[in-house]
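K.L.:
Pasting in a structure now, in structure tokens, and then I'll have a few things to ask.
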Amino acid sequence: MVRGMTESDFLQHILEAPQEAAMTWKVLADWLEERGDPRFELVRLCHDPNYLPQLPDAARDERVERLLESGLAPCVPTLVNSIGMRLALIPAGAFLLGDPTLQETPEQNRVQMVVLTRPFLMGVYPVTQAEFEQVMGHNPSRFRTGQRAGQPLYRVDTSRFPVDSANFADAQTFCRRLSALEAERAAGRVYRLPTDAEWERACRGGARTSRAFHFGMSASSRQANFDGSAPFGMAAPGPCLRRTCQVGQYPPNAYGLHDMHGNVWEWCQDWCSEVPLQPSPVTNPRGPRRGTTRVCRGGSYFNPASRCRSAYRIGYYPGGHNDFIGFRVVCSLPKLPRR
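Heads up, the sequence shown is in the numbering used here, so the first residue is 287 and it goes up one at a time.
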């Protein structure tokens with residue numbers, strides 16, 4: 287399996303044979319270590335539950351954060367679809383959903399063990415204005431290229447900004463139309479919005495503890511696009527853009543996802559639930575069957591950092607068109623031909 291293989295070969299094998307992923311990750315870590323690549327430790331910490339078993343979960347999560355802060359790029363299996371969207375593999379597994387420090391409401395305060403039994407692919411970035419327009423034929427965004435002097439984004443290329451002002455139905459229609467493209471149908475890729483649990487699993491990047499953000503317990507506006515005058519934890523106040531910005535400007539989490547905190551809130555599939563928690567662990571939760579508001583996650587450019595935490599959710603009316611809401615897509619792992 288190793289002779290003549292490249293890093294891309296290992297990551298492609300994980301996509302093609304997810305049932306063999308645990309062994310492939312271990313072999314990739316050995317391969318990186320033999321070559322003096324410091325990412326071997328990041329791979330072991332994220333994908334080998336038997337690596338340093340004596341290390342407390344909190345210390346493990348902090349070590350991953352420090353490695354990413356140092357500028358190491360995570361090793362992530364990715365797929366590029368027919369319109370150029372990059373999607374990263376989110377592994378199946380158990381995680382803690384929620385944060386005991388959230389005090390706004392009992393619903394925000396919930397903590398529950400959740401098990402996702404199937405891996406899935408998630409957009410590395412929120413859907414951009416260019417991607418939305420390519421599929422839908424128009425761009426509803428408020429924060430788009432200004433055509434007249436004096437407009438906030440006059441002559442600024444916003445094609446890589448997240449689409450904003452798309453309501454829940456717009457997001458659903460985008461997923462259906464993207465799935466219907468000939469190349470996507472041929473590849474067996476069906477797109478949808480993430481569930482609430484899938485979104486938080488992806489945001490946490492494999493963390494074992496209920497940390498406030500994928501980068502730790504503090505947040506400044508150098509780490510995400512939110513209201514920099516209202517940081518979180520020990521972070522100092524910073525600048526505030528007061529608008530969306532190009533995706534990918536801030537560091538990724540351990541799953542290679544950008545902009546999970548701030549920039550735009552992201553629609554999820556679930557109706558917003560106020561019902562009591564189910565007994566833990568819960569497997570593949572899908573939320574209530576009906577409701578009046580849909581879950582949005584991640585916070586936005588004008589929110590304080592506290593609203594951008596990994597566990598923070600709001601319910602928003604699905605018909606709303608607002609410049610602080612966008613979305614990203616997921617799709618089930620397609621069956622790829624073995625090479």
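A virtual CB, placed ideally from N, CA and C, is assigned to each residue, including glycine.
Nothing here was measured: the structure is a model prediction, and the numbers come from that model.
Following the continuous alpha helix (DSSP H) through THR459, name the residue where it begins and the one where it ends.
P.N.:
Residue numbering aside, residue 459 sits at position 173 when the sequence shown is read from its first letter. 454–466 is the extent of the alpha helix (DSSP H) around THR459.
K.L.:
Mapping DSSP to helix, strand and coil, what is LEU479?
P.N.:
Taking the sequence shown and counting its residues from 1, one reaches residue 479 at position 193. In the structure shown, LEU479 sits in coil (DSSP, three-state: anything other than H, G, I, E or B).
K.L.:
With SER294 as the anchor, note down where its alpha helix (DSSP H) starts and where it stops.
P.N.:
As a first step, residue 294 must be located in the sequence shown, where it is residue number 8. 293–302 is the span of the alpha helix (DSSP H), which, as asked, contains SER294.
K.L.:
Less than 7 Å separating the beta-carbons of GLN415 and SER368?
P.N.:
For this step, residue 415 is matched to residue 129 along the sequence shown. For this step, residue 368 is matched to residue 82 along the sequence shown. Result no, Cβ atoms of GLN415 and SER368 do not sit closer than 7 Å.
K.L.:
Between the region 413–431 and the region 508–528, can you find at least three pairs of beta-carbon atoms closer than 8 Å?
P.N.:
No, the region 508–528 does not touch the region 413–431.
K.L.:
What residues in its chain sit with their C-beta under 7 Å from that of ASN570, if we drop five residues either side in the sequence?
P.N.:
Counted from its first residue, the sequence shown places residue 570 at position 284. Taken in chain order, the residues that qualify are LEU402, THR403.
K.L.:
Measure the CB-CB distance between ASP545 and TYR411 and report whether it falls below 7 Å.
P.N.:
Within the sequence shown, numbered from 1, the residue matching residue 545 stands at position 259. Within the sequence shown, numbered from 1, the residue matching residue 411 stands at position 125. Yes. Within cutoff.
K.L.:
Once DSSP output is grouped into helix, strand and coil, what is the label at LEU382?
P.N.:
Locating residue 382 in the sequence shown gives position 96, where the first residue counts as 1. Three-state DSSP puts LEU382 in a strand.
K.L.:
Cβ of CYS461 within 7 Å of Cβ of TYR477?
P.N.:
Along the sequence shown, read from residue 1 onward, the residue named residue 461 stands at position 175. Along the sequence shown, read from residue 1 onward, the residue named residue 477 stands at position 191. Contact flag set, yes.
K.L.:
Determine whether the beta carbon atoms of PRO405 and LEU619 lie at a separation below 7 Å.
P.N.:
Walking along the sequence shown from the start, residue 405 turns up at place 119. Walking along the sequence shown from the start, residue 619 turns up at place 333. The answer is yes: Cβ separation under 7 Å.
K.L.:
If you follow the beta strand (DSSP E) that ARG332 is in, where does it begin and where does it stop?
P.N.:
Taking the sequence shown and counting its residues from 1, one reaches residue 332 at position 46. Just to set this straight, residue 332 is Cys in the shown sequence, not Arg. No beta strand (DSSP E) contains CYS332, which is instead part of the alpha helix (DSSP H) from 325–333.
K.L.:
SER592 by DSSP, collapsed to three states: which one?
P.N.:
Taking the sequence shown and counting its residues from 1, one reaches residue 592 at position 306. Helix.
K.L.:
Which value, in whole angstroms, describes the spacing of the CA atoms of ILE600 and GLY432?
P.N.:
Counted from its first residue, the sequence shown places residue 600 at position 314. Counted from its first residue, the sequence shown places residue 432 at position 146. The alpha-carbon atoms of ILE600 and GLY432 are separated by roughly 31 Å.
K.L.:
Nearest to MET371 by CA position, among THR578, SER465, TRP557, is which residue?
P.N.:
Stepping through the sequence shown from its first residue, residue 371 is reached at position 85. Ranking THR578, SER465, TRP557 by Cα distance to MET371 puts SER465 first.
K.L.:
Considering Cα atoms alone, identify which of PRO565, SER294, MET291, PHE613 is closest to PHE454.
P.N.:
On the sequence shown, position 168 is the one that residue 454 refers to. Closest by alpha carbon: PHE613.
K.L.:
Mind checking whether ARG325 and LEU358 have CB atoms under 7 Å apart?
P.N.:
Within the sequence shown, residue 325 is the residue found at index 39, counting from 1. Within the sequence shown, residue 358 is the residue found at index 72, counting from 1. In this structure, LEU358 lies closer than 7 Å to ARG325 by Cβ.
K.L.:
So, is MET309 buried or exposed, given that buried needs 16 or more other C-beta atoms within 10 angstroms?
P.N.:
The residue given as residue 309 occupies position 23 in the sequence shown. MET309 should be labelled exposed.
K.L.:
Report, in whole angstroms, the separation of the C-beta atoms of ALA540 and LEU354, which I expect to be a contact under 8 Å.
P.N.:
On the sequence shown, residue 540 is found 254 positions in, with the first residue counted as 1. On the sequence shown, residue 354 is found 68 positions in, with the first residue counted as 1. That belief holds up - the Cβ atoms of ALA540 and LEU354 are roughly 7 Å apart, short of 8 Å.
K.L.:
Would you report the Cα separation of THR579 and TYR603, rounded to the nearest angstrom?
P.N.:
For this step, residue 579 is matched to residue 293 along the sequence shown. For this step, residue 603 is matched to residue 317 along the sequence shown. For THR579 and TYR603, the distance between alpha carbons rounds to 5 Å.
K.L.:
Mind checking SER451: buried by the 16 CB within 10 Å criterion, or exposed?
P.N.:
Residue numbering aside, residue 451 sits at position 165 when the sequence shown is read from its first letter. By the neighbour-count rule (16 or more Cβ atoms within 10 Å), SER451 is buried.
K.L.:
With a cut-off of 8 Å, do at least 3 Cβ pairs link the region 575–590 to the region 374–387?
P.N.:
Contact fails: fewer than three Cβ-Cβ distances are below 8 Å.
K.L.:
Taking just the CA atoms, how far does ASP334 sit from GLN305?
P.N.:
On the sequence shown, position 19 is the one that residue 305 refers to. On the sequence shown, position 48 is the one that residue 334 refers to. Distance between the alpha carbons of GLN305 and ASP334: 15 Å.
K.L.:
From what residue to what residue does the beta strand (DSSP E) around VAL366 run?
P.N.:
On the sequence shown, residue 366 is found 80 positions in, with the first residue counted as 1. Its beta strand (DSSP E) spans residues 364–366.
K.L.:
Grouping DSSP H, G and I as helix and E and B as strand, with all else coil, what is CYS554?
P.N.:
Start at 1 with the first residue of the sequence shown, and residue 554 comes out as number 268. It is a strand residue.
K.L.:
Can you give me the C-alpha to C-alpha distance between ARG625 and VAL366, rounded to a whole angstrom?
P.N.:
The sequence position of residue 625 within the sequence shown is 339, counting from 1. The sequence position of residue 366 within the sequence shown is 80, counting from 1. Only weak support is given to the placement of ARG625: the predicted model assigns it a pLDDT of 48, under 50, and the value that follows is read from those uncertain coordinates. Roughly 18 Å separates the two Cα atoms.
K.L.:
Give the range of the alpha helix (DSSP H) segment to which GLN420 is assigned.
P.N.:
Indexing the sequence shown from 1 puts residue 420 at position 134. Counting along the chain, the alpha helix (DSSP H) containing GLN420 begins and ends at 415–422.
K.L.:
Round the Cβ separation of GLY409 and VAL615 to the nearest angstrom and send it over; I've been treating them as touching at under 8 Å.
P.N.:
In the sequence shown, residue 409 corresponds to position 123, counting from 1. In the sequence shown, residue 615 corresponds to position 329, counting from 1. Confirmed, Cβ separation roughly 5 Å.
K.L.:
How is GLN398 classed by DSSP in three states: helix, strand or coil?
P.N.:
The residue labelled residue 398 in the question sits at position 112 within the sequence shown. GLN398 falls in the strand class under three-state DSSP.
K.L.:
Cα separation between ASP556 and PRO537?
P.N.:
The sequence position of residue 556 within the sequence shown is 270, counting from 1. The sequence position of residue 537 within the sequence shown is 251, counting from 1. Computed Cα separation, rounded: 28 Å.
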